[in-house]
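Below is one structure, written out as structure tokens; the observations come after it.
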Amino acid sequence: MKGRGTGTGTKAAALIKPYLKKLVLQTHPDFFHGDPIKGKRNATSLQQLYTILNPLLKNEPLTTKSQSTFQWTKNNEQSVQLEFYAKKARKTPIVSTFEHAPNEWQTVASLFSLCKKLDIDVAPSDIQAVQDMIQKKEQETTPHRHRRGRLSLREEFARALHKQSSTITKDTSTTSSPWTPNRILGNKSLIFGPQIDKSMVAKQWCEFMSKLEPERWWGIMPALVVSSENDAQNLSSSEQGRGILVFSSDMGYDDFVIPFFTSFLYIIIEMKTYLEKNLDIKRQERVSMMS
214 MKGRGTGTGT KAAALIKPYL KKLVLQTHPD FFHGDPIKGK RNATSLQQLY
264 TILNPLLKNE PLTTKSQSTF QWTKNNEQSV QLEFYAKKAR KTPIVSTFEH
314 APNEWQTVAS LFSLCKKLDI DVAPSDIQAV QDMIQKKEQE TTPHRHRRGR
364 LSLREEFARA LHKQSSTITK DTSTTSSPWT PNRILGNKSL IFGPQIDKSM
414 VAKQWCEFMS KLEPERWWGI MPALVVSSEN DAQNLSSSEQ GRGILVFSSD
464 MGYDDFVIPF FTSFLYIIIE MKTYLEKNLD IKRQERVSMM S
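Numbering (the numbering used here), first residue to last: 214 to 504.
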């Protein structure tokens, strides 16, 4: 006998159904008869998306062990990356990550993020409603947080993550417009440490951002810019830096080597190498923080 759904599930289902319909009209495989590869990719991603959303659409509690409930958990996967081609001509797919989270409103926020990337307008009132529900769930499950003083860096970023996922803008499509300083500084999940020249960093990043596979992390992962490489390395490997990409303000694109006392070589770790080594690790850390 199936367990009864919750009022929260009913609200979430009512909220996502109109947007899901618009999403299907933008990505249905039938629109890609002339490009079977794109059609097949969209068909696979739509099937995965419905698997993720079925517990909400069917008003099932997320704890239900039904066949439809987050099937990727049977493979011990904590997140699923979906790729969609929009009906409008596009050479590269839209990439969106859905994480297995006990808070169903985080799943709704991820759907809204995907809709925004596909140029599907999301009503500000709906975005605010989801953000409010996420915060309410956090308060219900972690009441001890409010008995403490100032939030830790990790908690600040965890909170910012929820807000960012609900208010993500079209700018995170990463391929539709050129990289400009205003675009860099407009990323709500990017935070600069004190005494950082934001304009200088943004101008420098514009020169190579397109080469750093931004579709995998820009606007998706929280990022922090600190003043020195030593600070970046220490924070990135610390408990406070879990789930956060930490860059130094003087990072360039690729590694280079500086002679050091003629007999040693000092390698400057740049953004390309840092992301190659740490992006997957940071993504898993972020998932564990939100579980």
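Every residue, glycine too, gets a C-beta built ideally from N, C-alpha and C.
How big is the Cα-Cα spacing for residue i and residue j?
{"i": "Arg396", "j": "Ser449", "result": "24 angstroms"}
{"i": "Ala415", "j": "Ser451", "result": "26 angstroms"}
{"i": "Tyr298", "j": "Glu428", "result": "14 angstroms"}
{"i": "Gly465", "j": "Lys490", "result": "16 angstroms"}
{"i": "Val237", "j": "Leu259", "result": "8 angstroms"}
{"i": "Leu324", "j": "Ile433", "result": "13 angstroms"}
{"i": "Tyr263", "j": "Glu353", "result": "28 angstroms"}
{"i": "Asn255", "j": "Lys234", "result": "15 angstroms"}
{"i": "Ser440", "j": "Trp431", "result": "20 angstroms"}
{"i": "Leu398", "j": "Gln417", "result": "12 angstroms"}
{"i": "Thr475", "j": "Met413", "result": "Interpretation of Thr475 is limited by its pLDDT of 40, a score under 50 that renders its predicted location unreliable; the figure taken from the coordinates is listed afterwards. Taking the straight line from one Cα to the other gives about 32 angstroms."}
{"i": "Lys411", "j": "Val500", "result": "29 angstroms"}
{"i": "Gln497", "j": "Ala336", "result": "31 angstroms"}
{"i": "Tyr487", "j": "Lys495", "result": "11 angstroms"}
{"i": "Ile409", "j": "Pro394", "result": "15 angstroms"}
{"i": "Gln261", "j": "Gly454", "result": "31 angstroms"}
{"i": "Glu312", "j": "Asn447", "result": "27 angstroms"}
{"i": "Ala322", "j": "Asp493", "result": "22 angstroms"}
{"i": "His246", "j": "Asn267", "result": "27 angstroms"}
{"i": "Pro407", "j": "Ala342", "result": "33 angstroms"}
Take residue i as the anchor and find which of the options has the nearest alpha-carbon.
{"i": "Val308", "options": "Trp418, Glu489, Ser326 and Lys301", "result": "Ser326"}
{"i": "Thr305", "options": "His313, Leu295, Phe311 and Glu312", "result": "Leu295"}
{"i": "Tyr232", "options": "Phe244, Ile494, Cys328 and Ala256", "result": "Cys328"}
{"i": "Asp334", "options": "Gln239, Ser462 and Gly432", "result": "Gln239"}
{"i": "Asn443", "options": "Ser462, Phe244, Phe311 and Arg254", "result": "Ser462"}
{"i": "Ala445", "options": "Lys411, Lys401, Ser501 and Phe405", "result": "Phe405"}
{"i": "Leu269", "options": "Gln261, Thr257, Ala225 and His246", "result": "Ala225"}
{"i": "Asn316", "options": "Ser338, Ala336 and Ile265", "result": "Ile265"}
{"i": "Ser390", "options": "Cys419, Gln408 and Ile409", "result": "Cys419"}
{"i": "Thr257", "options": "His241, Asn267 and Glu498", "result": "His241"}
{"i": "Ser402", "options": "Pro394, Pro435, Gln408 and Ile409", "result": "Pro435"}
{"i": "Lys230", "options": "Asn447, Lys271 and Gln453", "result": "Lys271"}
Just to check my reading of the structure: residue i and residue j have Cβ atoms closer than 8 angstroms, yes? What is that Cβ distance to the nearest angstrom?
{"i": "Trp392", "j": "Lys350", "result": "So it is not a contact: roughly 35 angstroms between Cβ atoms."}
{"i": "Met484", "j": "Phe460", "result": "6 angstroms"}
{"i": "Phe244", "j": "Lys300", "result": "5 angstroms"}
{"i": "Leu437", "j": "Ile457", "result": "6 angstroms"}
{"i": "Ser292", "j": "Thr320", "result": "Not a contact, Cβ separation roughly 11 angstroms."}
{"i": "Leu228", "j": "Asp339", "result": "6 angstroms"}
Answer yes or no: the CB of residue i versus the heavy atoms of the ligand FAD, is any distance below 8 angstroms?
{"i": "Gln239", "result": "Among the ligands in the structure shown, none appear at all, so the ligand FAD cannot be discussed."}
The stretch 345 to 352 / the stretch 245 to 263 touching (three or more Cβ pairs under 8 angstroms):
no
Sequence ranges, beta strand (DSSP E) only - wholly within the stretch 404 to 445, length at least 3
436 to 439
Taking only runs that begin and end inside the stretch 297 to 351, name each unbroken beta strand (DSSP E) of 3 or more residues, in chain order.
307 to 312
Jot down the residue ranges of each uninterrupted alpha helix (DSSP H) in the stretch 246 to 277, minimum 4 residues, whole runs only, in chain order.
249 to 270
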